[in-house]
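Start counting the sequence shown at 4; every next residue gets the next number (the working numbering). Note that the Cβ used here is the ideal one computed from N, Cα and C, for glycine as well. Predicted model, so just to flag it, every value in this text is computed and none were measured.
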Amino acid sequence: MTVLSADVVGKVLNDRYEVLALDREELLGSVYAGLDRQAGRRVAIKVLHPHLTEDASKFKRFGREITNTWMITQQNTVEVLDWGEDGDLHYLVMEFLRAHTLEEELKDGPMPVERAVRIAVQIARAIGAAHQEGIVHRALAPSNVLLLDNAVDGADFVKVRDFGLSKLEKVDDEDTGLTTQNTRVGNAEYMAPEYIKTSTYHTKGDLYALGALLYQMVAGKPPFTGPTLDVLQAHVGKDPDPLSKHAEGVPEWLDALVAGTLAKKPEERPGAYRIVQMLETGMGSSLEPPALYPLDVNGDFVVPTGPPRVAMALGVALLVGLGAALVMIGVIVLIAALFVLRSAGYV
Numbered sequence: 004m005t006v007l008s009a010d011v012v013g014k015v016l017n018d019r020y021e022v023l024a025l026d027r028e029e030l031l032g033s034v035y036a037g038l039d040r041q042a043g044r045r046v047a048i049k050v051l052h053p054h055l056t057e058d059a060s061k062f063k064r065f066g067r068e069i070t071n072t073w074m075i076t077q078q079n080t081v082e083v084l085d086w087g088e089d090g091d092l093h094y095l096v097m098e099f100l101r102a103h104t105l106e107e108e109l110k111d112g113p114m115p116v117e118r119a120v121r122i123a124v125q126i127a128r129a130i131g132a133a134h135q136e137g138i139v140h141r142a143l144a145p146s147n148v149l150l151l152d153n154a155v156d157g158a159d160f161v162k163v164r165d166f167g168l169s170k171l172e173k174v175d176d177e178d179t180g181l182t183t184q185n186t187r188v189g190n191a192e193y194m195a196p197e198y199i200k201t202s203t204y205h206t207k208g209d210l211y212a213l214g215a216l217l218y219q220m221v222a223g224k225p226p227f228t229g230p231t232l233d234v235l236q237a238h239v240g241k242d243p244d245p246l247s248k249h250a251e252g253v254p255e256w257l258d259a260l261v262a263g264t265l266a267k268k269p270e271e272r273p274g275a276y277r278i279v280q281m282l283e284t285g286m287g288s289s290l291e292p293p294a295l296y297p298l299d300v301n302g303d304f305v306v307p308t309g310p311p312r313v314a315m316a317l318g319v320a321l322l323v324g325l326g327a328a329l330v331m332i333g334v335i336v337l338i339a340a341l342f343v344l345r346s347a348g349y350v
């Protein structure tokens with residue numbers, strides 16, 4: 004079930020947040036470009052799907068979880084500014100960004116090692132800052148990593164989004180009776196072995212996902228690919244090929260680091276800030292994010308070398324809606340696969 008854009012566009016939520024236009028559909032809700040009338044600035048407004056907020060007490064608990072994410076002040080995280088409800092609409096207000104996802108970027112194929120490492124460092128910093136506040140992402144995947152379009156000279160400035168949102172999601176499969184809570188499913192390629200076996204998820208699961216992301220950025224594909232059941236079983240019982248087998252110019256230290264983050268035992272994986280240190284040591288320099296061109300009150304910016312690529316432009320609701328439907332199908336398939344594997348004793 005989704006909230007129709009026609010029912011939301013033009014509304015002013017709680018006499019403050021004006022909903023301007025639909026930006027995109029996501030698994031948890033619809034994202035709109037908006038205006039904070041009180042602050043006089045552009046914002047992004049995520050209106051959550053109704054089935055996620057039917058339980059009022061659950062939404063209030065979720066709100067407290069989101070409030071905790073405000074403690075994450077690291078520059079590589081998407082800032083959540085506010086949350087609330089207006090009638091039947093439950094929403095989040097986030098900083099407005101001009102960006103496209105790492106998922107979209109990877110459609111162009113693998114990246115050079117240096118670029119992938121620079122992106123991975125920023126993801127690790129965001130994850131590390133969250134872990135310091137006791138917050139686990141649980142859903143790290145290319146779709147949750149944003150590359151800002153207003154970075155100077157076309158460099159990569161990373162923002163990780165949706166910290167804490169996975170705790171809201173609950174997916175029921177009527178055929179299997181399996182209920183998944185407190186985790187976001189649908190990303191089998193980045194799923195830690197301990198979650199597949201026991202549904203247990205903690206900070207080291209985020210770092211496993213980071214290792215899989217870094218692997219994909221350099222190799223052009225995740226560590227394990229294929230049918231969902233095969234991928235899940237591989238995460239549990241198979242060592243991935245060395246990264247250097249699928250990409251040229253991979254130094255030995257990076258091969259070892261990626262293998263370490265993909266260790267089957269959580270305690271054998273390095274922590275987020277240790278990963279940052281290892282990546283910067285390997286590259287021989289401190290890898291800081293690039294400068295940004297500022298956004299004006301309308302969310303626009305001027306780049307001297309030409310207009311930026313706006314990969315998440317408004318007016319693509321039909322296409323992203325189709326993508327959201329495909330994601331939901333993937334969620335159902337993954338839930339069934341986990342049920343089959345656990346019932347059969349394979350994991």
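When the options are compared against residue i, the one with the closest alpha-carbon
i       : options                               : result
Ala-262 : Asp-244, Glu-251 and Val-279          : Asp-244
Pro-53  : Pro-115, Ser-33 and Leu-143           : Ser-33
Val-221 : Asp-242, Ile-278, Val-239 and His-249 : His-249
Leu-364 : Gly-37, Asn-17 and Leu-30             : The chain is shown only over 4 to 350; residue 364 falls outside these bounds and no answer can be derived.
Thr-201 : Ala-294, Pro-226, Leu-235 and Pro-113 : Leu-235
Ala-266 : Arg-277, Gly-252 and Gly-208          : Gly-208
Leu-150 : Arg-141, His-140, Asp-156 and Val-163 : Val-163
Asn-79  : Ile-122, Gly-87 and Leu-217           : Ile-122
Ser-288 : Ala-158, Pro-230, Leu-217 and Val-124 : Val-124
Glu-88  : Ala-215, Glu-283 and Val-11           : Val-11
Glu-283 : Leu-295, Leu-30, Trp-256 and Lys-268  : Trp-256
Leu-216 : Ile-69, Arg-118, Gly-13 and Leu-31    : Arg-118
Tyr-296 : Arg-27, Arg-101, Leu-25 and Glu-28    : Arg-101
Arg-44  : Asp-242, Gly-90, Glu-21 and Phe-160   : Glu-21
Status (buried if at least 16 other CB within 10 Å, exposed otherwise) for residue i
i       : result
Val-116 : buried
Arg-40  : exposed
Asn-17  : exposed
Met-74  : exposed
Asp-175 : A caution first: Asp-175 carries a pLDDT of 33, below 50, which makes its placement in the model unreliable, though a value can still be read off. Looking at its Cβ environment, which holds fewer than 16 other Cβ atoms inside 10 Å, Asp-175 is exposed.
Ser-146 : buried
Ala-129 : buried
Val-96  : buried
Thr-76  : exposed
Ala-316 : With a pLDDT of only 38 at Ala-316, under 50, the local geometry of the prediction cannot be trusted, and the value read off the model is given with reservation. Exposed.
Val-15  : exposed
Pro-226 : buried
Thr-228 : exposed
Val-313 : For Val-313, the predicted structure reports a pLDDT of 42, less than 50, and the residue's modelled location is therefore unreliable. A value from the coordinates is still provided. Burial call: exposed.
Trp-86  : buried
Thr-203 : exposed
Asp-156 : exposed
Asp-303 : exposed
Leu-322 : Because Leu-322 sits at a pLDDT of 40, beneath the cut-off of 50, its placement in the model cannot be relied upon, and the following sentence gives the value as read from the coordinates. Leu-322 comes out exposed.
Asp-91  : exposed
Asp-26  : buried
Asp-242 : exposed
Start and end residues, alpha helix (DSSP H) containing residue i
i       : result
Leu-260 : 255 to 264
Thr-104 : Premise fails: Thr-104 lies in the beta strand (DSSP E), 102 to 104, not in any alpha helix (DSSP H).
Arg-118 : 116 to 135
Tyr-211 : 206 to 222
Glu-251 : Note, Glu-251: premise wrong, no alpha helix (DSSP H); not H, not E.
Val-234 : 231 to 240
Neighbourhood of residue i by C-beta distance below 6 Å, restricted to the same chain and skipping five residues each side
i       : result
Ala-212 : Leu-143 and Tyr-193
Gly-223 : Gly-112 and Pro-113
Pro-254 : none
Gly-66  : Trp-86
Supposed contact pair residue j and residue i - C-beta distance, whole angstroms, cut 8 Å
i       : j       : result
Ala-133 : Phe-166 : 5 Å
Thr-72  : Ile-138 : 6 Å
Leu-290 : Val-120 : 7 Å
Ala-47  : Glu-98  : 7 Å
Met-286 : Pro-273 : Rounded, the Cβ-Cβ distance is 16 Å, inconsistent with contact.
Thr-56  : His-93  : 4 Å
Ala-154 : Pro-293 : 5 Å
Ile-199 : His-238 : 6 Å
Leu-105 : Val-148 : 4 Å
Val-83  : Ile-69  : 6 Å
Residue i beta carbon near the ligand NAP (any heavy atom closer than 8 Å)
i      : result
Asn-79 : No copy of the ligand NAP occurs in the structure displayed, which carries no ligand at all.
Same chain, Cβ closer than 7 Å to residue i, neighbours up to 5 away in sequence not counted
i       : result
Ala-275 : Ala-127, Ile-130, Gly-131, His-134 and Leu-210
Gly-214 : Val-261, Thr-264 and Leu-265
Same chain, Cβ closer than 8 Å to residue i, five either side skipped, listed in chain order
i       : result
Asp-258 : Pro-245, Leu-246 and Ser-247
Arg-19  : Asp-39, Arg-40 and Gln-41
Arg-109 : Note that residue 109 is Leu in the sequence shown here, rather than Arg. Pro-145, Gln-219, Met-220 and Gly-223, listed in sequence order.
Pro-269 : Ala-195, Glu-197, His-205, Lys-207, Gly-208 and Tyr-211
Glu-271 : Gly-263
Range covered by the beta strand (DSSP E) that runs through residue i
i      : result
Glu-88 : 83 to 89
His-93 : 92 to 98
Glu-21 : 20 to 28
Asp-39 : 32 to 39
Ile-48 : 44 to 51
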